[in-house]
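Chemist: If you scroll down you'll find the structure; I have some questions about it.
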Amino acid sequence: MLALNLIDKPEESPLLTKSMVRCIQKLLDKDWRVTISHVFREGNRCADLLASYALDLEIGIHFFCEPPEGLVDMLRADLDGVGIMRLCNSIV
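Per our numbering, the very first residue in the sequence shown carries number 15; after that it's consecutive.
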């Protein structure tokens, strides 16, 4: 959800992300239809794994000869239709 907020209100983005947010906005301003929506991390575990993995990498573009450990198993589970439950606290 934070990423969507940064794109909607770039003036509030931290200095480290301003350049990336600016690039995203330039892409969105092109003559095409784009929809951006929030997906919980349980709904896209592969993206979550890659985002966590990226925290240990230097800033920049990285190419992989092989997928990071665990990614192939997650992709296989996704193909098999294995779902993950999201646990939420209920407000009483």
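Ideal placement from N, C-alpha and C gives every residue a C-beta, glycine not left out.
Am I right that I21 and Q39 are in contact with their C-beta atoms under 8 Å? What's the rounded C-beta distance?
Modeler: With a Cβ gap of about 7 Å, I21 and Q39 count as contacting.
Chemist: Buried or exposed, going by whether 16 or more other CB atoms sit within 10 Å of the CB of R59?
Modeler: buried
Chemist: Residues in its own chain within less than 6 Å of I75 by CB, not counting five upstream and five downstream?
Modeler: Nothing listed; no residue qualifies.
Chemist: May I ask you to verify whether the segment 60 to 71 touches the segment 84 to 96, counting CB pairs closer than 8 Å and requiring at least 3?
Modeler: yes
Chemist: By how many angstroms is the C-alpha of V53 removed from the C-alpha of I73?
Modeler: 24 Å
Chemist: Rounded to a whole number of angstroms, what is the C-alpha to C-alpha distance between I98 and L89?
Modeler: 13 Å
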